[in-house]
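Participant: Residue numbers (the working numbering), protein chains in the order written: chain U, 65 to 176; chain L, 5 to 116.
C-beta atoms are modelled at their ideal positions from N, C-alpha and C, and glycine is treated no differently.
My questions all concern the structure below.
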Amino acid sequence: ELKVEQNPLFLSMQEEKNYTIYCNYSTTSDRLYWYRQDPGKSLESLFVLLSNGAVKQEGRLMASLDTKARLSTLHITAAVHDLSATYFCAVDTESGTYKYIFGTGTRLKVLA
Amino acid sequence: NAGVTQTPKFRILKIGQSMTLQCAQDMNHNYMYWYRQDPGMGLKLIYYSVGAGITDKGEVPNGYNVSRSTTEDFPLRLELAAPSQTSVYFCASRDGSNYGYTFGSGTRLTVV
Numbered sequence: 065e066l067k068v069e070q071n072p073l074f075l076s077m078q079e080e081k082n083y084t085i086y087c088n089y090s091t092t093s094d095r096l097y098w099y100r101q102d103p104g105k106s107l108e109s110l111f112v113l114l115s116n117g118a119v120k121q122e123g124r125l126m127a128s129l130d131t132k133a134r135l136s137t138l139h140i141t142a143a144v145h146d147l148s149a150t151y152f153c154a155v156d157t158e159s160g161t162y163k164y165i166f167g168t169g170t171r172l173k174v175l176a
Numbered sequence: 005n006a007g008v009t010q011t012p013k014f015r016i017l018k019i020g021q022s023m024t025l026q027c028a029q030d031m032n033h034n035y036m037y038w039y040r041q042d043p044g045m046g047l048k049l050i051y052y053s054v055g056a057g058i059t060d061k062g063e064v065p066n067g068y069n070v071s072r073s074t075t076e077d078f079p080l081r082l083e084l085a086a087p088s089q090t091s092v093y094f095c096a097s098r099d100g101s102n103y104g105y106t107f108g109s110g111t112r113l114t115v116v
């Protein structure tokens with residue numbers, strides 16, 4: 065059974081600090097996605113990672129993918145309150161169907 | 005573009021009632037998906053479709069049915085609602101490019 069695990073599940077951090085969220089998955093895949101979800105809202109696409117070694121950056125967030133280690137990271141640099149949300153990674157499991165398996169989510173709270 | 009439209013946004017059902025959650029997209033996407041998100045959890049795939057007339061089960065299909073008579077619409081039917089179906093339901097779609105899913109705004113369903 066394919067599993068996608070994120071850690072930590074909860075993260076409370078101070079503004080201006082750096083931190084990393086980890087996404088481990090248990091099957092071969094070279095397509096991984098990061099989403100942000102605000103409370104009571106839908107999911108917003110952050111990053112699309114489509115090959116080993118892919119790195120994408122947007123503002124204070126940077127995502128990377130290591131398909132050999134089956135690991136993706138979401139790095140937060142100099143956190144600000146506006147980044148408080150839940151972050152999900154999702155692994156694309158099958159070519160031709162594009163079914164995603166989602167991680168459990170990391171609830172991030174940035175304290176002012 | 006409207007993107008992915010889900011209706012209703014909120015619904016309360018009594019045990020044993022049935023209902024249909026509507027999902028429509030105007031992006032001519034072939035691939036459509038229904039996920040459910042239980043409180044504090046990630047998303048679980050209920051059903052998916054790779055094109056009009058083609059549907060298949062995901063991880064948690066029991067208690068649900070779908071149809072896909074047109075490219076645009078992908079309704080989810082709940083028969084004999086149970087409290088375990090209390091959840092937020094998200095519809096998503098994508099094409100065959102690398103941009104990933106577009107999500108609808110969700111339907112919050114409570115079964116009492």
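Under 7 Å between beta-carbons, which chain L residues line up against L114 (chain U)? List them in chain order, please.
Facilitator: Within the first sequence, residue 114 (chain U) is the residue found at index 50, counting from 1. What L114 (chain U) touches in chain L: N102.
Participant: Would you say F166 (chain U) reaches chain L, if we count a Cβ-Cβ gap shorter than 7 Å as a contact?
Facilitator: One-based indexing of the first sequence puts residue 166 (chain U) at position 102. F166 (chain U) counts as touching chain L.
Participant: What are the boundary residues of the beta strand (DSSP E) that A28 (chain L) is part of?
Facilitator: Here residue 28 (chain L) refers to the residue found at position 24 of the second sequence. First-last of the beta strand (DSSP E) with A28 (chain L): 23-29.
Participant: Counting C-beta neighbours from all protein chains within 10 Å, is the total for G55 (chain L) 16 or more, i.e. buried, or is it exposed?
Facilitator: For the purposes of this step, residue 55 (chain L) is identified with residue 51 of the second sequence, where counting begins at 1. So G55 (chain L) ends up on the exposed side.
Participant: Using the DSSP secondary-structure output, state which residues sit across from V8 (chain L) in a beta bridge.
Facilitator: Taking the second sequence and counting its residues from 1, one reaches residue 8 (chain L) at position 4. DSSP lists L:Q29 as partners of V8 (chain L).
Participant: With DSSP as the reference, label D94 (chain U) as helix, strand or coil.
Facilitator: Counted from its first residue, the first sequence places residue 94 (chain U) at position 30. Three-state result, D94 (chain U): coil.
Participant: What are the start and end residues of each continuous beta strand (DSSP E) run of 3 or more residues lying completely inside the segment 100-131 of chain U, in chain order?
Facilitator: Segments of the beta strand (DSSP E) lying fully in the segment 100-131 of chain U: 107-113, 119-122, 125-130.
Participant: Would you say R98 (chain L) and Y105 (chain L) are within 7 Å of each other, going by their C-beta atoms?
Facilitator: Translated into the one-based positions of the second sequence, residue 98 (chain L) becomes position 94. Translated into the one-based positions of the second sequence, residue 105 (chain L) becomes position 101. In this structure, Y105 (chain L) lies closer than 7 Å to R98 (chain L) by Cβ.
Participant: Name the residues in the segment 94-121 of chain U whose C-beta lies less than 7 Å from a C-beta of chain L; which are they?
Facilitator: Cβ contacts with chain L come from Y97, S106, L107, S109, V112, L114.
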